[in-house]
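4 protein chains.
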Amino acid sequence: MRVKDDTKFRAICDATISLVNEIGFAAASVAKIAKRAGVSPATIYIYFDNKDDLLVSTYTTIKKEMSEAMLAGIDLQAPVRDIFQQIWRQTFVYVTQHRDKFQFTEQFANSPYVDQVDSTEIDRYFAPVFAVIQRGIDQKIIKNVNFDLLSAFMFFPILTLANSRLCRSFTPTEENIDISFSLAWDAIKL
Amino acid sequence: MRVKDDTKFRAICDATISLVNEIGFAAASVAKIAKRAGVSPATIYIYFDNKDDLLVSTYTTIKKEMSEAMLAGIDLQAPVRDIFQQIWRQTFVYVTQHRDKFQFTEQFANSPYVDQVDSTEIDRYFAPVFAVIQRGIDQKIIKNVNFDLLSAFMFFPILTLANSRLCRSFTPTEENIDISFSLAWDAIKL
Amino acid sequence: MRVKDDTKFRAICDATISLVNEIGFAAASVAKIAKRAGVSPATIYIYFDNKDDLLVSTYTTIKKEMSEAMLAGIDLQAPVRDIFQQIWRQTFVYVTQHRDKFQFTEQFANSPYVDQVDSTEIDRYFAPVFAVIQRGIDQKIIKNVNFDLLSAFMFFPILTLANSRLCRSFTPTEENIDISFSLAWDAIKL
Amino acid sequence: MRVKDDTKFRAICDATISLVNEIGFAAASVAKIAKRAGVSPATIYIYFDNKDDLLVSTYTTIKKEMSEAMLAGIDLQAPVRDIFQQIWRQTFVYVTQHRDKFQFTEQFANSPYVDQVDSTEIDRYFAPVFAVIQRGIDQKIIKNVNFDLLSAFMFFPILTLANSRLCRSFTPTEENIDISFSLAWDAIKL
DNA sequence: GATGAATGAGTGTTCATTCAT
DNA sequence: CATGAATGAACACTCATTCAT
Numbered sequence: 001m002r003v004k005d006d007t008k009f010r011a012i013c014d015a016t017i018s019l020v021n022e023i024g025f026a027a028a029s030v031a032k033i034a035k036r037a038g039v040s041p042a043t044i045y046i047y048f049d050n051k052d053d054l055l056v057s058t059y060t061t062i063k064k065e066m067s068e069a070m071l072a073g074i075d076l077q078a079p080v081r082d083i084f085q086q087i088w089r090q091t092f093v094y095v096t097q098h099r100d101k102f103q104f105t106e107q108f109a110n111s112p113y114v115d116q117v118d119s120t121e122i123d124r125y126f127a128p129v130f131a132v133i134q135r136g137i138d139q140k141i142i143k144n145v146n147f148d149l150l151s152a153f154m155f156f157p158i159l160t161l162a163n164s165r166l167c168r169s170f171t172p173t174e175e176n177i178d179i180s181f182s183l184a185w186d187a188i189k190l
Numbered sequence: 191m192r193v194k195d196d197t198k199f200r201a202i203c204d205a206t207i208s209l210v211n212e213i214g215f216a217a218a219s220v221a222k223i224a225k226r227a228g229v230s231p232a233t234i235y236i237y238f239d240n241k242d243d244l245l246v247s248t249y250t251t252i253k254k255e256m257s258e259a260m261l262a263g264i265d266l267q268a269p270v271r272d273i274f275q276q277i278w279r280q281t282f283v284y285v286t287q288h289r290d291k292f293q294f295t296e297q298f299a300n301s302p303y304v305d306q307v308d309s310t311e312i313d314r315y316f317a318p319v320f321a322v323i324q325r326g327i328d329q330k331i332i333k334n335v336n337f338d339l340l341s342a343f344m345f346f347p348i349l350t351l352a353n354s355r356l357c358r359s360f361t362p363t364e365e366n367i368d369i370s371f372s373l374a375w376d377a378i379k380l
Numbered sequence: 381m382r383v384k385d386d387t388k389f390r391a392i393c394d395a396t397i398s399l400v401n402e403i404g405f406a407a408a409s410v411a412k413i414a415k416r417a418g419v420s421p422a423t424i425y426i427y428f429d430n431k432d433d434l435l436v437s438t439y440t441t442i443k444k445e446m447s448e449a450m451l452a453g454i455d456l457q458a459p460v461r462d463i464f465q466q467i468w469r470q471t472f473v474y475v476t477q478h479r480d481k482f483q484f485t486e487q488f489a490n491s492p493y494v495d496q497v498d499s500t501e502i503d504r505y506f507a508p509v510f511a512v513i514q515r516g517i518d519q520k521i522i523k524n525v526n527f528d529l530l531s532a533f534m535f536f537p538i539l540t541l542a543n544s545r546l547c548r549s550f551t552p553t554e555e556n557i558d559i560s561f562s563l564a565w566d567a568i569k570l
Numbered sequence: 571m572r573v574k575d576d577t578k579f580r581a582i583c584d585a586t587i588s589l590v591n592e593i594g595f596a597a598a599s600v601a602k603i604a605k606r607a608g609v610s611p612a613t614i615y616i617y618f619d620n621k622d623d624l625l626v627s628t629y630t631t632i633k634k635e636m637s638e639a640m641l642a643g644i645d646l647q648a649p650v651r652d653i654f655q656q657i658w659r660q661t662f663v664y665v666t667q668h669r670d671k672f673q674f675t676e677q678f679a680n681s682p683y684v685d686q687v688d689s690t691e692i693d694r695y696f697a698p699v700f701a702v703i704q705r706g707i708d709q710k711i712i713k714n715v716n717f718d719l720l721s722a723f724m725f726f727p728i729l730t731l732a733n734s735r736l737c738r739s740f741t742p743t744e745e746n747i748d749i750s751f752s753l754a755w756d757a758i759k760l
């Protein structure tokens with residue numbers, strides 16, 4: 001299938017995101033998504049192979065947009081700490097401004113659907129970050145431990161803090177963002 | 191007349207957990223759960239009001255068991271750091287030994303179903319932990335910041351690291367667990 | 381099956397009547413009837429063979445009670461017109477005082493369940509009335525036409541008038557009952 | 571795209587009518603109706619909101635057709651008695667030629683489903699008849715009594731006589747129809 | 001390209017009935 | 001006698017998907 005009308009494509013994705021957030025994968029039927037997007041159920045099958053493809057495509061589309069927002073304007077030559085702080089801030093901004101998309105990815109990533117995603121593609125989006133981590137380790141600025149372990153303190157706390165389902169008392173003000181970054185940095189720095 | 195059977199209750203919960211992990215909430219139908227549990231679909235409705243109740247009850251049952259395992263044998267008079275280290279270890283042990291139950295809670299917590307949970311009940315299970323955090327802050331051992339922020343570094347990294355969907359290269363050996371705890375402690379300690 | 385506890389038998393019948401009137405045959409399940417009667421579903425099967433038997437027995441029980449009320453204290457030697465007037469009045473009184481039972485029979489008589497009723501037994505209850513009609517014909521007081529035709533004017537209008545679903549503006553006062561009887565009599569008298 | 575098919579609508583209604591007559595509302599499931607109509611169960615939900623809507627729509631459709639047949643070609647300027655006699659005859663003809671539809675309405679009218687019908691719409695169909703009754707009263711041809719009371723003798727006996735469940739010995743020949751009308755007229759005339 | 005009608009398979013749930021106690 | 005647990009079959013209804021237009 002090839003995209004003909006980008007407006008319709010977005011409308012369908014947006015309808016998917018909001019509906020899945022509201023009622024979950026189970027109840028978000030193609031018919032309901034079509035109705036919310038203002039198209040016929042049959043039209044969805046012009047843009048997507050099937051329901052799974054619709055969900056997976058929506059997820060990867062968001063992930064790509066998300067990675068671009070996180071890494072926008074990053075100067076990879078800057079000091080490691082500055083790079084992370086900028087990523088940290090930009091991630092918070094993106095997540096805050098696109099709560100619905102973010103919430104969708106969280107639900108998706110914890111469901112069996114995620115197994116259908118081509119993880120190498122997602123990894124490619126975030127490759128520059130991995131390079132910076134490696135530089136930090138080489139320069140003995142960051143602890144020399146497993147990558148997953150560093151990510152668990154460097155990035156996942158953002159997802160936790162931004163997840164309104166999990167954290168109800170934390171508000172992402174400028175100040176709170178910087179405080180939370182300092183905790184992350186304390187965790188991983190040597 | 192026959193008597194309600196606790197082994198049947200467990201069989202239904204266990205079937206729910208494994209099936210939801212394999213195919214997700216959407217595809218885990220009552221009929222399939224019943225078949226796996228070795229009972230009639232109608233029997234499920236003797237033990238639970240409806241499908242939602244089945245899922246929510248399964249979740250809260252696990253959460254209770256989980257909190258008991260985390261806090262088992264904790265000496266609340268011990269130094270704050272020791273308490274956290276013990277909780278950290280016990281959580282890892284529980285999560286590692288009950289991957290399926292843990293995975294279920296992760297998927298559940300990121301779905302709209304979680305809104306149906308009585309969160310005050312869950313909070314009660316974990317109340318002792320909150321008390322220890324407060325003591326740490328009062329004794330100027332732990333940073334005086336928002337509770338959600340501390341949790342995001344103190345506990346959620348465990349969930350991330352133990353989540354095989356997210357972290358494929360991290361293995362929870364004795365050593366790795368202690369290393370990861372040291373990152374967490376660096377993050378929150380003053 | 382044999383009746384052991386008449387109180388329970390009545391309770392089940394009464395529950396059946398009220399529930400069927402409220403929600404119809406389709407929705408009136410054995411479980412709901414049992415709950416309303418304050419017994420276990422299994423108990424119903426001690427008093428009745430199955431659901432159909434429950435409904436049919438309830439119907440014939442009412443019909444018998446109804447015929448007794450209609451014909452109570454009738455002097456079969458009295459003039460034909462007087463007999464009919466008394467029957468007419470007594471029928472109205474019964475129907476008015478037992479609206480629920482009456483409504484049940486109306487719904488039942490218009491459903492396929494009625495085919496399961498032994499109609500000769502019902503006819504036997506009303507045999508004395510048929511004898512009076514015959515006497516009226518022989519005495520050239522009543523028109524010599526088909527029995528069903530006479531019944532259609534002599535008795536069914538009562539059912540119609542007493543049926544609150546059909547007649548909303550007619551109220552069965554003493555006066556209205558006598559007026560309506562005069563119409564019936566005008567219809568059938570020679 | 572395909573277009574909604576009126577023959578399908580009729581096929582579903584007809585299947586509903588015959589099946590409900592045979593086995594009642596309770597047993598006439600959507601699946602059975604669909605099978606008899608030669609469509610998929612899902613198709614029924616394209617033409618009707620739900621099962622209740624299917625039954626109610628079928629009822630009102632019949633009632634409309636019935637009222638049109640009863641009042642066809644009536645000269646409202648003719649003498650009151652002639653008008654009623656023509657209505658009486660036409661009703662008998664309709665009921666005799668559409669026993670199944672008629673039987674359905676009788677069962678329906680005595681069930682709780684009837685409460686879902688918009689009775690004002692039904693009344694509108696029969697409004698001309700009410701006007702004639704009023705004229706008869708004003709001209710002192712018909713007894714000045716409650717409308718429901720007149721109907722109970724003027725129209726309901728037809729339903730009774732035509733109801734094969736109730737009247738097994740009455741056959742609606744030309745002669746019998748006129749005889750029965752004379753009884754009705756005797757009942758209501760001044 | 002886009003649609004709504006159409007569908008067989010499936011959904012969550014309740015059914016009438018039986019069984020062990 | 002009386003019960004509530006237990007069940008396979010059926011319920012009303014919705015699903016993802018296809019098809020004719």
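Residue numbers (my numbering), protein chains in the order written: chain A, 1 to 190; chain B, 191 to 380; chain C, 381 to 570; chain D, 571 to 760. Here a beta-carbon is modelled for each residue, glycine too, at the ideal position from N, C-alpha and C.
Asked                                                                                                                                                     : Found
Do you know how far the Cα of A:Tyr113 is from the Cα of A:Asp52?                                                                                         : 8 Å
Going along the chain, which residues of the segment 735-754 of chain D sit with their C-beta nearer than 8 Å to a C-beta in chain C?                     : Arg735, Leu736, Cys737, Arg738, Ser739, Phe740, Asn746, Ile749, Ser750, Leu753, Ala754
So what does A:Ile142 bridge to, in DSSP terms?                                                                                                           : A:Lys189
Give the single residue among A:Glu106, A:Asp123, A:Asp14 whose Cα lies nearest to the Cα of B:Arg358.                                                    : A:Asp123
Going by C-alpha to C-alpha distance, which of A:Met154, A:Ala37, A:Lys101 sits closest to A:Val129?                                                      : A:Met154
Going along the chain, which residues of the segment 649-678 of chain D sit with their C-beta nearer than 9 Å to a C-beta in chain C?                     : Gln673, Glu676, Gln677, Phe678
Return helix, strand or coil for A:Met1, following the three-state DSSP convention.                                                                       : With a pLDDT of 42 at A:Met1, under the threshold of 50, the predicted position of this residue should be treated as unreliable, though the coordinate-derived value follows. In the structure shown, A:Met1 sits in coil (DSSP, three-state: anything other than H, G, I, E or B).
Give me the residue from B:Leu380, B:Glu364, B:Lys222 with the minimum Cα distance to B:Gln280.                                                           : B:Glu364
With 16 as the cutoff for other CB atoms within 10 Å, does C:Gly418 come out buried or exposed?                                                           : exposed
Is the beta carbon of C:Pro537 sitting closer than 8 Å to the one on D:Ala722?                                                                            : yes
So what does DSSP say about C:Thr387, is it helix, strand or coil?                                                                                        : helix
For C:Gly418, would you say it is in contact with chain D, using Cβ-to-Cβ distances shorter than 8 Å as the test?                                         : no
Taking the straight line between their C-alpha atoms, what separation do you get for D:Val663 and C:Lys388?                                               : 48 Å
Closer than 8 Å is the cut-off here; do at least three beta carbon pairs connect the segment 197-214 of chain B with the segment 257-275 of chain B?      : no
Go to D:Arg606, then tell me how far its alpha helix (DSSP H) extends in each direction, as first and last residue.                                       : 600-607
Using a C-beta to C-beta distance shorter than 7 Å, which residues of chain C count as neighbours of D:Thr730?                                            : Ala532, Phe536
What does the alpha-carbon distance come out to for the pair C:Ile347 and B:Ile234?                                                                       : Nothing can be reported for residue 347 of chain C: it is not among the residues displayed for chain C, which extend from 381 to 570.
Assign B:Val322 to one of three DSSP states: helix, strand, or coil.                                                                                      : helix
Name, please, each residue of chain A whose Cβ falls closer than 7 Å to the Cβ of B:Ile378.                                                               : Leu183
Apart from the five residues on each side of it in sequence, which residues of its chain come closer than 7 Å, Cβ to Cβ, to A:Thr61?                      : Cys13
Since D:Thr586 and D:Leu646 are thought to touch, with beta carbons under 8 Å apart, how far apart are those beta carbons, to the nearest angstrom?       : Not quite, the Cβ-Cβ distance comes to about 34 Å (not below 8 Å), so this is no contact.
Does the beta-carbon of A:Ala27 have 16 or more other beta-carbons within 10 angstroms, so that it is buried, or is it exposed?                           : exposed
Taking A:Tyr125 as the query, report the chain B residues whose CB atoms sit under 8 Å from its CB, ordered along the chain.                              : None at all; the shortest Cβ gap to chain B is about 16 Å.
Using a Cβ-based criterion (distance less than 7 Å to any ligand heavy atom), does C:Asp518 qualify as near the ligand GDP?                               : The ligand GDP is absent from the structure shown, which contains no ligands of any kind.
Since B:Ala374 and B:Thr286 should fall inside the 8 Å C-beta cutoff, what is the C-beta to C-beta distance between them, to a whole number of angstroms? : Incorrect: roughly 17 Å between the Cβ atoms, too far for contact.
Within 10 angstroms of its Cβ, does A:Gln103 collect 16 or more other Cβ (buried), or is it exposed?                                                      : buried
How should B:Gln297 be labelled, buried or exposed, when 16 other C-beta atoms within 10 angstroms of its C-beta is the threshold for buried?             : buried
List the endpoints of the continuous alpha helix (DSSP H) containing B:Ile252.                                                                            : 241-261
Chain A partners of B:Asp338, CB-CB under 9 Å?                                                                                                            : Thr160, Leu161, Leu166, Cys167, Arg168, Ser169, Phe170
Of all the CB atoms in chain C, is at least one closer than 8 Å to the CB of D:Phe595?                                                                    : yes
Could you give the DSSP three-state label for D:Pro742: helix, strand or coil?                                                                            : coil
Mapping DSSP to helix, strand and coil, what is A:Phe191?                                                                                                 : It is not possible to answer for residue 191 of chain A, since the shown part of chain A is limited to 1 through 190.
When the Cα atoms are used, what is the spatial distance from B:Ile378 to B:Leu340?                                                                       : 6 Å
If you follow the alpha helix (DSSP H) that C:Arg545 is in, where does it begin and where does it stop?                                                   : Looking at the DSSP string, C:Arg545 is not in any alpha helix (DSSP H), and its letter there is neither H nor E.
Could you round the C-beta distance between B:Ile323 and B:Ile331 to whole angstroms and report it? I think they count as a contact, below 8 Å.           : Not confirmed; about 10 Å, so no contact.
Which residues mark the beginning and the end of the alpha helix (DSSP H) in which C:Val494 is found?                                                     : Element bounds for C:Val494: n/a, residue is neither H nor E.
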